[in-house]
Amino acid sequence: MATLGQIIFYTMVTLIFVVAALIILILALAFSNASSEVMSSNTTPIANLGGDELLSCYLNTANPQTSVRQLSVIWEKKDTKGLVYKYVNGAPDLTGQDSQFKERTQLFSTGLPTGNASLLLRNVKSTDEGEYTCTIVSSDGGGKVNIHLRTAAFTAPTFTLSNGTLGAEASRWFPKPNVMWSDFDGKVLQGSTILTENSAGIFSVASTLHPVNTSATYSCTIGNDLVTAVSKVTTTGKPVFFLHLLPVFTSCGLAC
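By full-length UniProt numbering, the letter at position 156 of the sequence shown is numbered 156, and the numbering carries on one by one without gaps.
Right, dumping it as structure tokens:
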């Protein structure tokens with residue numbers, strides 16, 4: 001017959017094993033949930049009106065190369081009756097799709113097996129602006145992420161050089177932009193700008209800088225609260241007249 005001390009000893013050993021098993025189970029569940037979180041690489045994208053925009057959404061698994069099983073995806077837009085997009089049982093289900101998104105949305109068959117449910121939105125309109133929710137459900141985990149889409153219009157300027165005057169023109173900007181010229185050292189220069197608004201509320205930009213020097217570099221910055229484009233131009237004094245580097249577009253976050 002076991003003594004009281006032996007009974008206490010075996011009871012303590014049993015309790016230790018039970019507690020250890022519970023801790024391992026809790027950690028495993030926590031790791032499983034953390035490794036299957038639904039995420040987006042950009043929750044505040046800015047789309048160019050008339051262009052295509054990719055809304056990022058993916059299942060962040062421990063092994064990105066592992067196939068996700070029994071995947072279903074639903075894209076919704078706040079204050080919209082129908083769905084934006086639905087994928088279930090290995091195929092799109094567009095029976096409940098809102099008419100404004102008809103033939104303008106797509107998921108990528110190459111990305112879905114690994115949990116990439118990013119949505120391609122074609123021919124972006126101003127009415128597309130708003131809050132979207134991407135929901136992923138699978139046997140490997142799931143969740144949802146909210147994405148706030150904003151819309152703008154922006155184009156790179158084209159440049160001309162004539163009689164010592166450097167000109168920049170951009171055909172589509174919205175909201176109303178500001179234009180700034182500067183030299184190689186960043187000193188702000190005085191230019192002349194004309195903004196013309198069309199019936200759709202889109203602005204065209206025509207700006208000039210005079211005089212300009214030969215073999216000098218200038219920057220033309222066109223921007224608003226959402227998007228800024230910085231273009232650099234180097235005058236050469238040769239028949240080519242100038243060298244133009246492609247602009248760098250940057251977007252402003254919601255805090256701006």
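Think of the CB as a built atom: it goes at the ideal place given N, C-alpha and C, for glycine as much as any other residue.
Note that the structure is a prediction, hence the values are computed from the model and not measured.
Beta-carbon proximity list for residue i, same chain, < 7 Å, skipping 5 on both sides
i, result
"residue 78", "130, 131"
"residue 143", "37, 38, 136"
"residue 70", "138, 139"
Length of the line joining the Cα atoms of residue i and residue j
i, j, result
"residue 98", "residue 42", "24 Å"
"residue 199", "residue 50", "16 Å"
"residue 85", "residue 183", "48 Å"
"residue 218", "residue 101", "43 Å"
"residue 52", "residue 66", "29 Å"
"residue 107", "residue 120", "6 Å"
"residue 201", "residue 148", "22 Å"
"residue 94", "residue 82", "10 Å"
"residue 161", "residue 167", "6 Å"
"residue 187", "residue 220", "12 Å"
"residue 111", "residue 63", "14 Å"
"residue 152", "residue 122", "15 Å"
"residue 103", "residue 90", "19 Å"
"residue 57", "residue 68", "14 Å"
Beta carbon of residue i nearer than 9 Å to that of residue j
i, j, result
"residue 207", "residue 169", "yes"
"residue 210", "residue 165", "yes"
"residue 203", "residue 48", "no"
"residue 75", "residue 105", "yes"
"residue 172", "residue 45", "no"
"residue 54", "residue 39", "no"
"residue 227", "residue 205", "no"
"residue 156", "residue 109", "no"
"residue 141", "residue 61", "yes"
"residue 134", "residue 124", "no"
Cβ shell of residue i (< 6 Å), same chain only, five flanking positions each side left out
i, result
"residue 192", "208"
"residue 73", "87, 117, 136"
"residue 196", "204"
"residue 224", "175, 177"
For residue i, three-class secondary structure by DSSP
i, result
"residue 97", "strand"
"residue 120", "strand"
"residue 183", "strand"
"residue 211", "coil"
"residue 236", "coil"
"residue 204", "strand"
"residue 126", "helix"
"residue 195", "strand"
"residue 112", "helix"
"residue 77", "strand"
"residue 71", "coil"
Contact with chain B by residue i, beta-carbon distance below 9 Å
i, result
"residue 168", "Judged by its chain identifiers, the structure shown contains no chain B, having just a single protein chain."
Same chain, Cβ closer than 8 Å to residue i, neighbours up to 5 away in sequence not counted
i, result
"residue 189", "181, 182, 183, 209, 218"
Original post:
In chain order, which beta strand (DSSP E) runs of at least 3 residues are fully inside the segment 145-180?
Top reply: 158-162, 165-173
**OP:** May I have a chain-ordered list of the beta strand (DSSP E) segments no shorter than 3 residues that lie completely inside the segment 41-66?
**Re:** 46-48, 53-55, 58-60
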